[in-house]
Every structure is written in C-alpha cells, then in structure tokens.
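Take a look at the structure set out below.
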Amino acid sequence: MKTCLIVDDSAVIRKVARRILESLNFRVSEAEDGAKALGLCAEAMPDVILLDWNMPEMDGYDFLKALRQSPSGDIPKVLFCTTENDVGAIARALHAGADEYIMKPFDRDIVTAKLDQVGFTQQADAA
Amino acid sequence: MTDVDFDFLRAYLKTRSGLALTAEKRYLIESRLSPICRRFNLAGLPQLVSALRGGRDLVMEKAVVEAMTTNETFFFRDRTPFDLFKDVLLPEAIARRAAQRKLRIWCAAASTGQEPYSLAMLLQEAAPKLAGWNIDLVATDLSTEVLEKAKAGLYSHFEVQRGLPVQLLVKNFEQIGEQWRISQTLRSMVDFRPLNLLHPFETLGTFDIIYCRNVLIYFDAPTKGDVLGRLSASLSPDGALLLGAAETVIGLTDKLAPSAQHRGLYNQAAATARNTMGASAPAPLRRVVGL
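These protein sequence lines are chains A and B, in that order. According to the working numbering, the residues represented by the first sequence are 1 to 127, in order. According to the working numbering, the residues represented by the second sequence are 1001 to 1291, in order.
See the structure below:
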C-alpha cells in the first residue's frame, strides 16, 4: 500500500484529503505544519506528500527546501496544495521542487488526476 | 412518461443526433429534459413532446438534442491517445509529409475544446520540427453551445486540473479571476465548426489523423457503420483514426482495420492488408524514432 503524508494546518482540509486518499488505497498520515512533517519524514518517508503553502512554524516552501536537502535518497512526489492560485505562486512551487500543483477547493477527481500525473494510478496501486 | 412519449423521443433523438437510447436510459430523458421544460415554460415532458410533435420550433429542437448529448471531456483524456500522437503519429506524419509540409487533423467530437487544445499543445511543443508547415486542426461538434465555450477557451480551476500537467497550465494559460484562459496562440490554432456526424462531412476534405473518441458509443450499429465508412472516406490512404477505448470498427465496417501495435488506433483496411502482406507500398504508421 502506498503512503501519503498530508501537511496542512487546516483540520478540515486534512479530513477531506484523508477521506479521498484512503478511498484511493493510500495509507495516510497527517502533520499540521512543516516542522512536524519533517519529523514524520525522518521516521518514514512517504511515497507522496500533499503539501499546503501557508502554515505556522515552517511553511510549505521551507519544508520542501529542507526535504530536498535531506541526505535520504528517497524523495517523495510532492503535490503542492493551496488557495494561492495565481501563476506566480504555481511557478514558485515548481521552482521549489513540487511535482504537481492542486488548487483548493479540490475534489476526488482532481486528486486522482494529479496522482496519475505523478505516476500513481489508482488501479495499479490498488492491486 | 408514457411509453408512447418515450418512443417518440427515442425516434426523435435518433433521427437528429444518432443517439440510440435503450429502455434502461429512460431516466436520462427525464433528468436532462426537465430543465428544458422549465426553460420553455412547459409543465412537463408530455407538454414538451406535444410541442416537439407540433414542431416548427428549431430553438427548442436544438435545445433538446444538445441537452441529451454527453459533453464530458478533459485535457489529455485517457493519456494514451495523446502519448500516441506525440510519440508515433506526429513523428511519422512529419516524416511522411516532409515534401508537402502539410498536415490535417480533425477532432470529430470536440465538445468544449479540451481534446483539440491538448493536440494543439503537443503541436506547439513540436514547433521546431514544424516550422514552415501548414497545419489544419479542425474541431467539430454537434452542439453550438459547447463550441462557443471551446472557442472562448475559458475553463474553471476544476477543468484545468483534470489531465493537464501543471507545467502546461503555467505555460499556456492566463488566469482571469477564478477562470483560466488558454493562450491566443493555441486558440488560433484550432478551427472550430458545428457539424452533425449524421450529415455529410466530405466538404471538410481529407485528413491525416482523425480523433473521433467516445461518440460512436451513443449510436446504434448501422449508424456506427455508416459514420465509420464515411470517416474512412475522409481519411488519407495512410491516415490514422483514433476511437475511444470502448469503441471499435470490428463488425461495423470493412474499410478500416485495427492497428496491431496500438489499441484504439485504426487504419485504412487496404493499407493494413498491404502492410501485413509485406507489399512494397509505404507502410502505414511505421515507427519512427523522434521527438
């Protein structure tokens, strides 16, 4: 079973995302900011990270920078997920190393499509 | 809805759009035509049927036919047909048409534009190899309403996130409030035209590549055979026809044959037979390494 870490300071977003990802056969863990997420990644690197942009303690951009510098060779696929939906914000996320970008609000179709684009097809991973 | 009304609507839609409604799809009529009743201030389906029977109202006729048409689509839908275009069909066409430097592509059920624009993006990515080429990208649909949306090229953030890689979003779209508009360059690459596939389409000319995906499934077998036969006539001898994953030519026409290599891809039967027999004629869809 593939694993996904949801990093978002909104409990509501984490709950919605968890429901979607579990329905897509992911084992899900959660963190409410970048610092806690880095700790979880140090314990066990997930296959995919759904990453919010604006968070207390450590925001998505700094988290991603720190993650990319980590000595671990296992770099997960990162889906940036934010309400900052302008081209500049998307370009910054890609520049920071995000693999894909999800604009809030999102639904199951969008999450499925974006996971597919970074190499996680629902059928393949459910098998 | 009475059986008589259902039978009338079934025949009415079959004649005008080719849509073959089975009894199990009866619910579709009720769910999709109720808004049309409200729009024309009619109490319900019996009154709509009466109005259509009396029928000189072309606006109502068009609204009914368009309401029953399925327009679901998204960018790079099913991915494989677009990988095939990028990796096989386009490189081969570039090699085969190098002398003429002319390429004609047709999206025969373009809906709200995502399919032709996906092809336009791939053509744009291949632009260095297509400098000086004359490329026609024709996109047709039965519904003028969806074509207007296609021409406008404006999509919601839900629509641009289904199938479209974010790099192509950033590169080819501008944000307008809550919506995203595809670039003028890409919009100008697509020639959108209204067309009912039940009507003659030979005036569109001959094409090297035709995408006709997820529309034949709504037709009955004789209509499928008729449309496929005419698509074959509109396809160049070495051309390629792409159908949807649930569609085929087998048992419907002997003019087209499935590709042995690629699912969903069909060629002229005569060209496929020549290729199979190892004749000296140019082989259709010979794999070319490129791009």
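Yeah, the Cβ is synthetic: ideal placement off N, Cα and C, and Gly gets one too.
Query	Result
Pick out the complete beta strand (DSSP E) segments inside the region 1156 to 1193 of chain B, 3 residues or longer, and give them in chain order.	1173 to 1176 and 1179 to 1182
Which same chain residues, not among the five before or five after Ala1245(B), have their C-beta less than 7 angstroms away from its C-beta?	Asp1078 and Gly1264
Would you please state the rounded distance, in angstroms, between the beta carbons of Ala1120(B) and Thr1140(B)? I believe it to be under 8 angstroms.	Actually they are not in contact, since the Cβ atoms of Ala1120(B) and Thr1140(B) sit about 15 angstroms apart, beyond 8 angstroms.
Looking at the unbroken alpha helix (DSSP H) that takes in Pro1091(B), where does it start and where does it end?	Leu1090 to Arg1096
Which of helix, strand or coil does DSSP assign to Leu1195(B)?	coil
Between Leu79(A) and Glu100(A), how many whole angstroms is the CB-CB distance? I'm expecting something under 8 angstroms.	5 angstroms
Using a C-beta cutoff of 9 angstroms, does Ile6(A) count as contacting chain B?	no
DSSP state of Ala1051(B), grouped into three classes?	helix
Looking only at its own chain, which residues have a Cβ that is under 7 angstroms from the Cβ of Ile110(A), when we skip the five neighbours before and after it?	Ile102
Only counting the same chain, and skipping five residues up and downstream in sequence, which positions put a Cβ closer than 8 angstroms to that of Glu1174(B)?	Trp1180, Arg1181 and Ser1183
Does Asp1208(B) pass the burial test, meaning 16 or more other C-beta atoms within 10 Å, or should it be called exposed?	buried
Whose C-beta lies closer than 6 angstroms to the C-beta of Asp47(A) among residues of the same chain, with five residues either side of it excluded?	Lys2, Thr3 and Pro76
Using a Cβ cut-off of 9 angstroms, pull out every chain A residue sitting near His1199(B), in sequence order please.	Residues of chain A passing the Cβ test: none, with the nearest at roughly 34 angstroms.
Ignore the nearest five residues each way along the sequence and tell me which others in Gly1044(B)'s own chain have a CB closer than 7 angstroms to its CB.	Cys1037
Just list the alpha helix (DSSP H) runs in the region 1052 to 1088 of chain B, keeping only unbroken ones of 4 residues or longer that don't cross its boundaries, in chain order.	1058 to 1067 and 1080 to 1084
Take every Cβ of the region 1085 to 1093 of chain B, pair it with every Cβ of the region 1153 to 1173 of chain B, and state whether three or more of those distances are shorter than 8 angstroms.	no
Give, in chain order, every unbroken run of the alpha helix (DSSP H) that is at least 4 residues long and sits entirely within the region 1208 to 1267 of chain B.	1221 to 1233
Any idea what DSSP makes of Ser1017(B), helix, strand or coil?	helix
Since I believe Glu1115(B) is in contact with Thr1073(B) (beta carbons under 8 angstroms), could you give me their beta-carbon distance rounded to a whole number of angstroms?	6 angstroms
Please confirm whether Glu43(A) has its beta-carbon closer than 9 angstroms to some beta-carbon of chain B.	no
Given this structure, state the Cα-to-Cα distance separating Thr1272(B) from Ala1257(B), to the nearest angstrom.	7 angstroms
Quick one: using the 10 Å Cβ neighbour count with 16 as the cut-off for buried, is Arg1056(B) buried or exposed?	exposed
Check whether the region 1212 to 1222 of chain B and the region 1051 to 1065 of chain B touch, using three or more Cβ-Cβ pairs below 8 angstroms as the test.	no
Which residues mark the beginning and the end of the beta strand (DSSP E) in which Glu57(A) is found?	Counting along the chain, Glu57(A) falls outside any beta strand (DSSP E), and DSSP gives it neither H nor E.
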